[in-house]
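Novice: Just passing along the structure, written as structure tokens.
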Amino acid sequence: MLDAVLSGLLQVLSPDSMMLMMIGIFIGFVVGVLPGIGGPVAMALMLPFTFGMPPIHVFAFLLGMKVVTSTTGDITAVLFGIPGEATSAATVLDGHPMARKGQAGRALGAVLMSSLVGAIIGALALGLSIPVIRPIVLAFGPPEFFMLTVVGLIFIASLSRGQMLRGLIMGCLGLLIALVGIDPQAGVPRYAFGQLELWDGIGIVPVVIGLFGGPEILQLMLSKESIAGKSASRKIVGVGQGILDTFRYWKTVAVAGLIGAGIGVIPGVGGSVAQFIAYGHAKQTSKHPEEFGKGSIDGLLAAGGNNNAKDGGALIPMIAIGLPGSVSTAILLNAFLISGLNPGPEMLTTHLDVTFSMVWITIIANIIVVILALPLLKPLARLTFTEGPILVPFLLILVVLGAYAENNRMFDIWVMATSAFVGVVCLRWNWPRAPLLLGAVLGDLCERYLFLSSSLYGWSWIQRPLVIVLAIAAVAILFKTGWDVRKHARDRQAASLKEVRS
Amino acid sequence: MAGTFFKQAENGRAFAPAKGLSTLSLVAALALVPLTAARAADECAFFKDKTVELVVPFSAGGGFDAYGRMVAKYMGDELGAANMIVRNQPGAGGLLATNQTWAAKPDGLRIQLIAASGMIAAEFGGAAGVAFKTNGFSWIGRVSGEPDVIATGPDSPIKSLADIAKIGGERTVRIGSTGLGSPQYITARLLATVIETKSQVITGFSGAPEVFASLGRGDLDLFASSLSAAEAAEKAQTARTLWVFGTEREPSRPELVPLSEVVDAKFLPLITVQASVTAAGRALAAPPGIAPERLQCLRDAFDRTVASTAFLDESRQLNRPVEPLSGKRVAELIKTATEGAPKEYLDLLHESFTQ
């Protein structure tokens, strides 16, 4: 085993692999920064270039490219409030308010360092799971996945604190969005209105870009000022402080990383949900939940630490039994087959070095991207001082391209525009946006896994031990949220009473 | 050039009446040969400096996409086009792109790699959203047409039909599938019919990898998938392949017995039609109504592409096996499959799509 760990590292450090990784990182950096055009699209386009390469070179290139997109996607989220990747939406919630207060440097420093820590946690989770990887993956069937989606949906509650009814309505709206498309069991188009474009459901990438990016662009257009406004100091400071913040709040980052790695394992869920669960959890455990959404450093660190960790988790079922957990791992699976590798026991015996090389690539590529990005932070943060009217046309082109790029269709641009409208309405009248996204992603999976569970096991799936454990966890989270909300309300009441008396 | 000339000559003869061939018509046919050849040359020159779009009806990065890119890489040069580019147009399981290709201008500048078996099933099952007739496309040639196989779990006791019947005596036999109307659902339904025991098709899996995961977990008894998917699952130890879904053995896996030899002989017509639908595989087509000479240019360029060493080398290197078939043969295969389908088969398709 140790041989394989070392051999994997040495093969990754060979000049050829490192060069390919650097090219991958460069491409990943650029596509990560551009909204919408994300890891999966870039990997799909670059896949043909890997034809004929030895396996470790392929992964150095493709995986290196993939893992840095979450980090650089966060940069766009902080600076412009537009998620650079679908997994960077939670970063917008607190990262961008910080940029608007003129703290872009600190936010970027925090995001970069927490991303690195998160990536290491994800890679370690993958590395440590290798000896027990197959039994773990096979222990999770449709009933367990169903319960995990329920746990995810429960986080709608903690994401809606202070506006519970609105959060529930938005969550339901998300579930309704998830209903659109071909019914996964009966094969009947639902709410498709005769449009073939709607058969595959509503794409999550254009929804995320519109919902979170749209309002920011509109604000920038209307205010005609720069993102950081006139009041803020023109000096960019605080990158070092942001890095230190990561270690000061190490618990938040570590838990966010673990949540990311764990949720990354569930097929189909991925980073777009994991980020909000980590964010919701951080909000629930924070001493200052009221600061969330207004530039809270805990919130930002949770989002940053989470989205890089999920990559390690998503590799677990792919390596163990060839079950891809996300679009990008499905592309990696293809790269496996092209380079003559077979997921499954071979990856844990004869090709164990390749498996460990993936752990190393995840860690090394993330270290390199932090080193590369640090000197770029100041010039990037300066962009927040560029005047709105100059910035807006570029941002508009980017979001339109980003929405179009995933499926090459105009329809997704309309989805993005509609989501932008919803996003503007939400921001203006203070409705939470995260529950909508959670509902939209989880609704579909929740329905499919419930149906599969019942057709495979009848009602007996409820008695499975892991299902019971997860159900208890779900109820506990629900009660904890309820308790916290009541306590918070009581404290506030007491405080206001005190104020009245004094 | 000579190759094109002779192929045109063959076509010239094919149009002549087989019986009562008079001297006059022979002279006329002979006179037509150089004319057609000259026109064909003109038609091929049409592609010079043009960009041909090869539409792939699924997302980039998948298996289907790999085949499309492999063909486009070499066929553009064989056709003499300035470029042949791949355009991914995913949506509605391939229906979106296929409908658009059906309605596209038949100039040969938009061609598509079609999941022929899925489209035949959708058309004959009366699926909503189908706006084409598979038989009407101008078929250029088949890239791959691997058979379907039937797999069970690695630890499953199933080795023969009798084992399945034994399970069926105790409880329902569970057959995995993706959603209704998918090609996998149709094979699953057929399988449920031919095993003649109490069985249930379990739908709702997101794709073959997820069904194999369930098979590996022991949740399911059977699953019919493409040979390559089953072989990947065998290596991942989530499946054990039992039989070929067809009437003939697969040369690369001679030990696998065809399903027709396992089940009752009365199911032979059902298995035969399904095997020929599957054999249409991944095939390249142009919109209907393309000028015959231009179609011939595309067919010739395709034939040269799939016979070239560079193409075959790349197919081996990428572990993407090809089984090329000429456009004419694909058209015949689809015609036979669609015109000779037994009523029971059509009913089953209908039920799969309109339930």
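Just so you know, the protein sequences line up as chains A and B, in that order. Here the numbering used here is used: the first residue of the first sequence is 1, the next is one more, and so on. Here the numbering used here is used: the first residue of the second sequence is 503, the next is one more, and so on. Glycine included, C-beta positions come from ideal geometry on N, C-alpha and C.
1. Since I believe Val58 of chain A is in contact with Leu296 of chain A (beta carbons under 8 Å), could you give me their beta-carbon distance rounded to a whole number of angstroms?
2. Quick check on DSSP: helix, strand or coil for Ile182 of chain A?
3. For Trp250 of chain A, which residues in chain B fall below 8 Å Cβ to Cβ?
4. Quick check on DSSP: helix, strand or coil for Ser854 of chain B?
5. Should Thr740 of chain B be flagged as near chain A, meaning a C-beta pair shorter than 8 Å?
6. For a test of the three-state rule: what should DSSP assign to Thr743 of chain B, helix, strand or coil?
7. Which residues, taken in chain order from the stretch 581-603 of chain B, show a beta carbon closer than 8 Å to some beta carbon of chain A?
8. Under 8 Å, Cβ to Cβ, is there at least one residue of chain A near Phe725 of chain B?
9. If you reduce the DSSP assignment to three classes, tell me which class Thr705 of chain B lands in.
10. Taking Cβ positions only, does Thr553 of chain B come closer than 8 Å to chain A?
11. Could you give the DSSP three-state label for Glu225 of chain A: helix, strand or coil?
12. Identify the continuous alpha helix (DSSP H) that holds Asp650 of chain B and give its terminal residues.
13. Which residue spans inside the stretch 740-795 of chain B form an unbroken beta strand (DSSP E) run of at least 3?
14. Comparing alpha-carbon positions, which option in A:Ala104, A:Ala157, A:Gly32, A:Thr71 lies nearest Val117 of chain A?
15. Could you work out which residue in A:Ile472, A:Arg100, A:Leu333, A:Gly95 is closest to Gly388 of chain A when comparing CA atoms only?
16. For a contact meaning CB atoms closer than 9 Å, what does Ala44 of chain A contact in chain B?
17. Roughly how many angstroms lie between the CA atoms of Gly514 of chain B and Ser646 of chain B, to the nearest whole one?
18. Under 8 Å, Cβ to Cβ, is there at least one residue of chain B near Phe51 of chain A?
19. Among all the DSSP beta bridges, which residues are the ones paired with Pro548 of chain A?
20. Would you check if the distance between the CB atom of Leu527 of chain A and the CB atom of Asp245 of chain A is smaller than 8 Å?
21. Which stretch, first to last residue, makes up the beta strand (DSSP E) that contains Thr553 of chain B?
22. Short of 9 Å Cβ to Cβ, which residues in the stretch 449-478 of chain A face chain B?
23. Taking DSSP's pairing of strands, which residues face Val675 of chain B in a bridge?
24. Report all residues from its chain with a CB closer than 6 Å to the CB of Ala809 of chain B; omit the five preceding and five following residues, and keep chain order.
25. Run down chain B in chain order and give the residues with a C-beta less than 8 Å from the C-beta of Val199 of chain A.
26. Residues of the stretch 169-182 of chain A in Cβ contact with chain B at a cutoff of 8 Å, in chain order, please.
27. Grouping DSSP H, G and I as helix and E and B as strand, with all else coil, what is Ile616 of chain B?
28. From the DSSP secondary-structure annotation, give me the bridge partner or partners of Ile587 of chain B.
29. How many whole angstroms separate the CB atoms of Gly610 of chain B and Ala788 of chain B, which I take to be in contact at a CB cut-off of 8 Å?
30. For Ile587 of chain B versus Leu556 of chain B, is the C-beta distance shorter than 8 Å?
31. Give me the subset of the stretch 817-828 of chain B whose CB atoms are less than 9 Å from a CB atom of chain A, sorted by chain position.
32. At what residues does the alpha helix (DSSP H) containing Phe145 of chain A begin and finish?
33. Check Phe804 of chain B in the structure and name its three-state DSSP category.
34. Taking buried to mean at least 16 other C-beta atoms within 10 Å of its own C-beta, is Trp459 of chain A buried or exposed?
35. Where do the ends of the alpha helix (DSSP H) carrying Gly643 of chain B lie?
36. Less than 8 Å between the C-beta atoms of Ser701 of chain B and Val675 of chain B, yes or no?
Specialist: In brief:
1. It should be pointed out that residue 296 of chain A corresponds to Ser in this sequence rather than to Leu. Incorrect: roughly 40 Å between the Cβ atoms, too far for contact.
2. strand
3. Neighbours of Trp250 of chain A on chain B: none; closest Cβ ~35 Å, over 8 Å.
4. helix
5. yes
6. In the structure shown, Thr743 of chain B adopts extended strand secondary structure according to DSSP, grouped into three states.
7. So the list reads Arg589, Asn590, Gln591, Pro592, Gly593, Ala594, Gly595, Leu597, Leu598, Asn601, given in the order they occur along the chain.
8. It does not: the Cβ of Phe725 of chain B has no partner Cβ on chain A nearer than 8 Å.
9. coil
10. no
11. coil
12. Run containing Asp650 of chain B: none in the alpha helix (DSSP H); it sits in the beta strand (DSSP E), 650-654.
13. 742-746, 784-788
14. A:Thr71
15. A:Arg100
16. Ser561, Ala562, Gly563, Gly564, Asp567, Asn590
17. Note on Gly514 of chain B: pLDDT 34, under 50, position unreliable in the model; the coordinate value appears next. Their backbone Cα atoms lie some 29 Å apart in a straight line.
18. yes
19. This structure gives no information on residue 548 of chain A, because the portion of chain A shown stretches from 1 to 502.
20. Lying outside 1 to 502, the shown extent of chain A, residue 527 of chain A is not represented and no answer is given.
21. 553-558
22. Tyr449, Phe451, Leu452, Ser455, Leu456, Tyr457
23. B:Ser701
24. Closer than 6 Å at the Cβ level, and outside the excluded window around Ala809 of chain B, lies no residue.
25. The question names Val, but residue 199 of chain A is Trp in the sequence shown. Here the neighbours are Gly593, Ala594, Gly595, Leu597, Leu598, Gly631.
26. Ile182
27. Reduced to three states, the DSSP call for Ile616 of chain B is strand.
28. B:Glu555
29. 6 Å
30. yes
31. Residues Gln819, Leu820, Asn821, Arg822.
32. Phe145 of chain A -> alpha helix (DSSP H) spans 142-159.
33. helix
34. Under this definition Trp459 of chain A is an exposed residue.
35. Per DSSP, Gly643 of chain B lies in no alpha helix (DSSP H); the unbroken beta strand (DSSP E) holding it starts and ends at 640-646.
36. yes
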